[in-house]
Amino acid sequence: MSKQLKKIAIYGKGGIGKSTTTSNISAALVEAGYKVLQFGCDPKSDSTNTLRDGKYIPTVLDLLRVKPKVDAHEAIFQGFNGVYCVEAGGPAPGVGCAGRGIITAVELLKQQNIFEELDLDFVIYDVLGDVVCGGFAVPIREGIAEHVFTVSSSDFMSVYASNNLMKGIKKYSNAGGALFGGIIANSINSPYQQSIIDDFVQRTGTQVVEYVPRSITVTQAELSGRTTIEAAPKSAQADIYRNLARKIAAHTESRVPTPLETEELREWSAKWADQLLAIEAGELRGERVGI
Amino acid sequence: MSKKLNLNTPVVENREQRLGTIVAWEGKASELVSASAYSCASCGSGCGLCELSSPFTQGSVCSEQMVECQAGHVRDAVLIQHSPIGCAAGQVAYNSLYRNGLRNRNKPVENIRVISTNLTEKDMVFGGADKLRQSILDAWERYHPKAIFVGSSCATAIIGDDIDGVTSDMTEELGIPVIPMHCEGFRSKHWSTGFDSTQHGILRQIVNRNPKKQEDLVNVINLWGSDVFTPMLAELNLRVNYVIDLATVDDLAQMSEAACTIGFCNTLSSYLATGLEQEFGVPEVKAPMPYGFDGTDAWLREIGRVTHREELVEKYIAKKHAEVKPKLEVLRKKLQGLRGFTATGSAYSHGLISVMRELGIEVNGSLVFHHDPIYDSGDPRQDSLSHLVDHYGEVNSFNVSNRQQYQFYGLLKKFKPHFILIRHNGLAPLASRVGIPAAPLGDEHIAVGYDGMINLGEIILDVLAHTKFHKNLAAHVKLPYTQWWLDQDDPYILTKKPELIYEE
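First to last, the protein sequences are chains H and F. If you use this note's numbering, the first sequence corresponds to residues 1 to 291, in order. If you use this note's numbering, the second sequence corresponds to residues 292 to 795, in order.
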């Protein structure tokens, strides 16, 4: 009998540090002795690069393109400390349908019982957070992932992407889909950035799993084609990722979030924009936002 | 040992993935046997099989239509096509098959209950899940069915509508199985994946998981053919449970209670029969298909073994041999010197060629729409093509061609049969235009068993009586092909030299 497999999806706006964070979580989990598969669901196919010395791997959809019959095992590669890496792949920009690509790739692995066969502890889907069509929502549907986390900075566009994702989760939650685990607050280096995220999670009935500061260590590690866990294992940043991974491993209860409506979100961000201007101008308005 | 079929996900694995199915090939039947997975064990999945590819396709069928002709023909269920309205075009034809089928089996004649969600531009942009939910409620309101099937379409599969979520939600809300079937046409190059998709859904959501065994019940996986199995199996003290077409939801549910599962065509029954054995322990009768003496004898003996009715089977075999052989002699004399040709589904054709050879008819060429290098059970006793070659000899030109009319023309020209056997539309008109009559075996059971040999012989004689009409027709019609193609000897030349189509 196989052990209990924990299925997690991590979403985030493009460029927000989602793959960096996901790969560091995967690296920290394998370091802690778990068996982990990271599944990149972004047509750019670079989710798992830092787990494999910066190298691209052939994707599931590359196989589909050339073979009449796909053996999903051929799309599975091992990286740092034995972590399993899979990239869904997808069409070139501007052609085909990337969303259908994700549906096809996820289904191929499911049908071939790959996760059970590898006897995994964790499957982590790293998904492009602009959930632009049904395909990108596949990982949050019934039977794929159980817990969804978003990576978000305090940047408004990034918060909007998280809010949108929560809308998707709320929609699918009736039909047995995944629930929301929390926000991984990325690039948080100042108290007001933390306040913005804190305020947002409070308004949406969710939580912050971890605050991850922006760090040059991460950039250096990435440029060497590695995760921070691998390249700078003794750094403070690596410990932050380890801590995050521990929290995710221990996480059991996810919830249906209460995303803000468009108008509410606009008002909320306008309020914060005022506040930020005031901070820039050196004004103090502590009573409005509690700083 | 891992299970053969994965029923944990609502999406059926398509035929090319499971079985290595191909849709174009030419060569001898024996060569196809050796290149297929039963013989080619080292490669496991028939990868020794080199599929030809044509620069274009003239005709095919959609997996979704197979869902219409199976799930749409369950008598107290409703099928919802979650699709733009174009996919509903098949409803007319499937209604006619349904009504005729009911009449043939002496059941009350009625119309099919198939509903399209009629998706429009707006639904493609904003998603069609709400419309699907509404259609399920409408179907419930209107018919109070015992199950609701929901078939996907290319459009909904591309936009990623969450059919699984809606159906699982509605299953709970309505308290009946609401079954998603992923049958979008582009998922498979061969339409038989549509059969598998329906059968997958039935195995997952309808078949009774706490069966009370009925030791005399036999599942017969068929379409809408005449009731030839009831009298045959009655001689073995067995009762028939016909599935999936024209069955009720209860008939489908009780499949797990049966003593065994049989079929008339491996192409159709492969997935369901293997699934019933894997999930519910109902043995699939692993034997050649019931065509000709050899096939029927072996098939009956295996039924006898599985259901512990060996003596009854031997009695029946002896009785039928004695009864049929003299009739067959008469027919053989009448059919002497004739050349026949089949153009049908894959496994079915293996059976028909066997029967024609029993009748003394020469069959040098044939055409099947696809080829499965292995069936789901993986059991070599079901290797119907090798059974044909081993017991009835070589077929020199055994063609796999996915309803490519231009190739079909080339084959008819090459083999000059006196008649052809078909089951699908669109083939007889071409044959007529080259002066060849076609026997349309709409009743798929016509050639089954010992009586099937007599039935088929008589049908062929009937059809041959019309030969003059077809010759006349041929003399007065013009084919649409260029002189180059009319003179071309190799029907597969374009798969070998596709650049020829761009030459003057």
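All residues carry an ideal CB built from backbone N, CA and C; glycine is no exception.
Annotated three-state conformation of H757 of chain F is coil, per DSSP. DSSP links E570 of chain F through a beta bridge to no other residue. In the three-state reduction of the DSSP assignment, L650 of chain F falls in the coil class, being assigned neither a helical nor a strand state. If you draw a straight line from the Cα of P579 of chain F to the Cα of Y385 of chain F, it is about 30 angstroms long. Nearest to L777 of chain F by C-alpha distance, out of F:D734, F:H767, F:I737 and F:L702, is F:L702. Just so you know, the alpha carbons of D667 of chain F and T558 of chain F end up roughly 10 angstroms apart.
Among the residues facing chain F, K7 of chain H is not included, as its CB has no counterpart in that chain under 8 angstroms away. Taking C-beta atoms as the reference points, G485 of chain F and P471 of chain F fail to come closer than 8 angstroms. For the pair M523 of chain F and S517 of chain F, the Cα-to-Cα distance works out to about 12 angstroms. Here DSSP, grouped into helix, strand and coil, assigns W272 of chain H to helix.
Close to R100 of chain H, with beta-carbon spacing below 8 angstroms, are these residues of chain F in chain order: A448, I449 and G451. Of all residues in the region 299 to 311 of chain F, those with a C-beta nearer than 7 angstroms to a C-beta of chain H are T300, V302, E304, E307, Q308 and G311, reading in chain order. Using a 10 angstroms sphere on the CB of A281 of chain H, the tally of other CB atoms stays under 16, which defines it as exposed. Shown here for A137 of chain H: same chain residues with a beta carbon closer than 6 angstroms to its own, the five before and five after excluded, namely V131 and G168 in chain order.
In the three-state reduction of the DSSP assignment, A550 of chain F falls in the coil class.
Going by beta carbons, G89 of chain H and P139 of chain H fall outside the 8 angstroms limit.
Judged by DSSP in its simplified three-state form, E355 of chain F adopts helix. Here the C-alpha atom of D155 of chain H lies approximately 17 angstroms from the C-alpha atom of P259 of chain H. D542 of chain F is positioned such that its CB atom lies no closer than 8 angstroms to that of N528 of chain F.
Using a CB distance cut-off of 8 angstroms, K3 of chain H does not count as an interface residue toward chain F. Taking C-beta separations shorter than 7 angstroms and ignoring five residues to either side along the sequence, the partners of M415 of chain F in its chain run A446 and I450, following chain order.
Three or more Cβ pairs closer than 8 angstroms define a contact, and the region 421 to 431 of chain F falls short of that threshold against the region 386 to 398 of chain F.
In the structure shown, the three-state DSSP call for P579 of chain F is coil. Of the residues F:T521, F:I665, F:E475 and F:F477, the one whose Cα lies closest to the Cα of S560 of chain F is F:I665.
Put simply, the CB of R52 of chain H is far from chain F, with every gap to its CB atoms at 8 angstroms or more.
Closest by C-alpha distance to G586 of chain F, out of F:Q569, F:Y741, F:N510 and F:E464, is F:Y741. A Cβ-Cβ distance of about 7 angstroms is found for the pair G636 of chain F and V659 of chain F, placing them in contact under the 8 angstroms criterion. Looking at the DSSP output, K7 of chain H sits in a beta bridge with H:V123.
Ranked by Cα distance from V201 of chain H, the first of H:S215, H:A185 and H:R214 is H:A185. Within the same chain, and ignoring the five residues on either side of D588 of chain F in sequence, the residues whose Cβ sits closer than 7 angstroms to its Cβ are I608. Just measuring C-alpha positions, the residue of H:G101, H:K7 and H:S195 sitting nearest A273 of chain H is H:S195. Y772 of chain F and E794 of chain F have their C-alpha atoms spaced approximately 15 angstroms apart.
Contact of A137 of chain H with chain F by beta-carbon distance below 7 angstroms involves G451.
In chain order, S675, L676 and L679 place their CB closer than 6 angstroms to the CB of H641 of chain F, counting only its own chain and leaving out the 5 sequence neighbours on each side. If you compare the alpha carbons of F:K606, F:D781 and F:W515 with that of N397 of chain F, the shortest gap goes to F:W515. Counting only residues of its own chain and dropping the five nearest sequence neighbours on each side, E317 of chain F has a CB closer than 6 angstroms to the CB of N690 and Y783.
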